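Numbering-wise, our numbering comes out as the position in the sequence shown, counting from 1, plus 7.
Built from N, CA and C at the ideal position, the CB exists for glycine as well.
As the structure is a prediction and not an experimental result, all values here were calculated from the model.
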Amino acid sequence: MEAAKKRCPPKCYVEALETCVMRVEKCLRDRCPDDDLTQELGLPFDKETWLTQGIGKVGSPCSPRRTALPAVQPLPLVNTDYPDPSEELVGRHTPEHHIRKMMVDPVQPRFFGKSSTIMFVQSAIDLKDGFNKDDEANNKINIEKLPSKHPEFWKPHPWVLETLEHETRHIYFPEKDLMESLIDLYFTRSGLYLPILHRPTFERDVRVDLHKHDQGFGSVVLLVCALGARFSNDPRVLLEGIKDQHSAGWKWFHQAHWVRRSLLVPPRLSDLQIASLSAIFLHGSSTPQLSWNEIGMGIRLAQDVGAHRRKVYGSVLTVEEELWKRAFW
Numbered sequence: 008m009e010a011a012k013k014r015c016p017p018k019c020y021v022e023a024l025e026t027c028v029m030r031v032e033k034c035l036r037d038r039c040p041d042d043d044l045t046q047e048l049g050l051p052f053d054k055e056t057w058l059t060q061g062i063g064k065v066g067s068p069c070s071p072r073r074t075a076l077p078a079v080q081p082l083p084l085v086n087t088d089y090p091d092p093s094e095e096l097v098g099r100h101t102p103e104h105h106i107r108k109m110m111v112d113p114v115q116p117r118f119f120g121k122s123s124t125i126m127f128v129q130s131a132i133d134l135k136d137g138f139n140k141d142d143e144a145n146n147k148i149n150i151e152k153l154p155s156k157h158p159e160f161w162k163p164h165p166w167v168l169e170t171l172e173h174e175t176r177h178i179y180f181p182e183k184d185l186m187e188s189l190i191d192l193y194f195t196r197s198g199l200y201l202p203i204l205h206r207p208t209f210e211r212d213v214r215v216d217l218h219k220h221d222q223g224f225g226s227v228v229l230l231v232c233a234l235g236a237r238f239s240n241d242p243r244v245l246l247e248g249i250k251d252q253h254s255a256g257w258k259w260f261h262q263a264h265w266v267r268r269s270l271l272v273p274p275r276l277s278d279l280q281i282a283s284l285s286a287i288f289l290h291g292s293s294t295p296q297l298s299w300n301e302i303g304m305g306i307r308l309a310q311d312v313g314a315h316r317r318k319v320y321g322s323v324l325t326v327e328e329e330l331w332k333r334a335f336w
């Protein structure tokens with residue numbers, strides 16, 4: 008919801024009026040060539056001159072003569088960089104100005120964009136200000152005078168932030184030789200076209216058995232194996248008891264989704280990589296439409312931490328920042 012704004016007339020409507028005025032003016036000058044119509048019509052209209060000099064210099068019988076004001080010295084610029092188009096415009100009254108004591112979980116960073124709930128509250132406040140602009144007292148929210156708050160509704164509870172990483176289902180990774188083969192097939196056959204992962208970093212983490220201790224990275228490894236299995240002739244990549252080549256990799260794809268963190272906690276890099284790799288796998292299956300579900304979830308996960316904004320990344324990207332960009336874009 009946004010406050011009502013006065014809309015400008017369409018460009019085609021303005022151009023049609025300009026053409027009509029020019030035709031009427033030409034008709035009058037053709038019919039009265041000897042009469043001086045400057046006082047009634049003003050100087051001949053020149054669009055380029057009007058845009059350069061400004062409307063104030065064009066004579067008009069309806070507007071009084073004005074005296075030119077002295078030139079105003081420009082203020083010194085602190086920053087000459089152009090604004091980032093991804094920068095969120097909050098307005099003259101930010102939510103912090105009105106609701107200084109409202110607080111969400113300060114431990115985990117969260118991004119609030121134009122479509123977030125906090126900006127919905129800001130739009131409501133701006134709309135209220137528009138209806139009460141004459142009453143300055145109504146434009147300010149005094150938190151001290153609000154009714155007492157119930158703490159149980161204003162602070163996160165531990166069971167809300169609890170993740171699902173305590174799941175006891177055991178994950179089975181491919182044998183070491185098969186895993187190395189599948190990882191190589193992924194990076195040489197699939198990762199070339201959609202380079203979501205950085206191969207040296209990924210293989211280093213696999214060598215130190217990070218996938219056995221970090222369940223998020225473990226799911227990423229399973230999905231890499233699932234994608235690499237589509238290019239493998241090893242019968243171990245097929246489902247048990249099924250010889251259909253289309254079943255290749257599905258055993259690891261299913262395991263990758265056995266354990267997922269709660270959607271109530273801020274996402275990690277592995278969560279976004281899981282969404283991206285899952286979308287690629289499903290796109291090549293008999294149910295490609297399901298890849299849109301993973302894509303939509305991945306976009307929302309990235310927006311939750313601001314990974315879609317240019318300002319989040321430094322001028323020189325770290326390895327992790329580069330992986331965030333790859334997973335999102």
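Where do the ends of the alpha helix (DSSP H) carrying residue i lie?
i: Phe335; result: Val326 to Phe335
i: Ala255; result: Note, Ala255: premise wrong, no alpha helix (DSSP H); not H, not E.
i: His290; result: Leu276 to His290
i: Asn240; result: Taken as a continuous stretch (DSSP letters only), Asn240 belongs to no alpha helix (DSSP H), as it is neither H nor E.
i: Pro273; result: It is not in any alpha helix (DSSP H) - Pro273 carries neither H nor E in the DSSP assignment.
i: Ile190; result: Lys183 to Leu192
i: Gly303; result: Ser298 to Val312
i: Leu35; result: Lys18 to Arg38
i: Phe180; result: Taken as a continuous stretch (DSSP letters only), Phe180 belongs to no alpha helix (DSSP H), as it is neither H nor E.
i: Glu210; result: Arg206 to Arg214
If contacts are defined as beta-carbon pairs under 8 angstroms, then residue i and residue j qualify, I think. What distance do you get, rounded to the angstrom?
i: Ile231; j: Ile281; result: Just to set this straight, residue 231 is Val in the shown sequence, not Ile. Not quite, the Cβ-Cβ distance comes to about 11 angstroms (not below 8 angstroms), so this is no contact.
i: Ala334; j: Leu297; result: The Cβ separation is near 19 angstroms, so there is no contact.
i: Gly291; j: Arg211; result: Incorrect: roughly 28 angstroms between the Cβ atoms, too far for contact.
i: Ile203; j: Leu308; result: Between Leu308 and Ile203 the Cβ distance is about 14 angstroms, and since that is not below 8 angstroms, they are no contact.
i: Phe180; j: Leu234; result: That pair is no contact at about 15 angstroms.
i: Ser197; j: Asp241; result: Not a contact, Cβ separation roughly 16 angstroms.
i: Pro274; j: Val213; result: So it is not a contact: roughly 22 angstroms between Cβ atoms.
Quick one: what's got a C-beta closer than 7 angstroms to residue i's C-beta in the same chain, skipping five residues either side?
i: Glu327; result: Leu276
i: Leu96; result: The predicted position of Leu96 is uncertain, since its pLDDT is 44 and thus under 50; a value taken from the coordinates is nonetheless stated next. Excluding sequence neighbours, Leu96 sits near nothing in its chain.
i: Leu330; result: His205 and Leu276
i: Thr208; result: Val326
i: Val167; result: Caution is warranted here: a pLDDT of 49 is assigned to Val167, below 50, making its placement in the model unreliable, and no coordinate value can be reported.
i: Pro17; result: none
Is the shortest distance between the beta-carbon of residue i and the beta-carbons of chain B less than 7 angstroms?
i: Trp299; result: Judged by its chain identifiers, the structure shown contains no chain B, having just a single protein chain.
Leaving out five residues before and five after residue i in sequence, what residues of the same chain have Cβ atoms less than 6 angstroms from its Cβ?
i: His218; result: Phe224, Gly225 and Val228
i: Lys258; result: Leu246
i: Phe260; result: Ala233 and Phe288
i: Ala131; result: none
Suppose contacts are defined by Cβ-Cβ distances below 7 angstroms. Is residue i in contact with residue j by that definition?
i: Ala314; j: Ile302; result: no
i: Ala255; j: Val244; result: yes
i: Leu201; j: Ser239; result: no
i: Ile178; j: Gln262; result: yes
i: Cys266; j: Gln222; result: For the record, residue 266 in the displayed sequence is Val; it is not Cys. Yes, they are a contact pair.
What residues in its chain sit with their C-beta under 8 angstroms from that of residue i, if we drop five residues either side in the sequence?
i: Gly321; result: Glu328
i: Gly305; result: Leu279, Ala282, Ser283, Ala286, Ala334 and Phe335
i: Pro295; result: Leu289
i: Arg38; result: none
i: Lys332; result: Ala314, Tyr320 and Leu324
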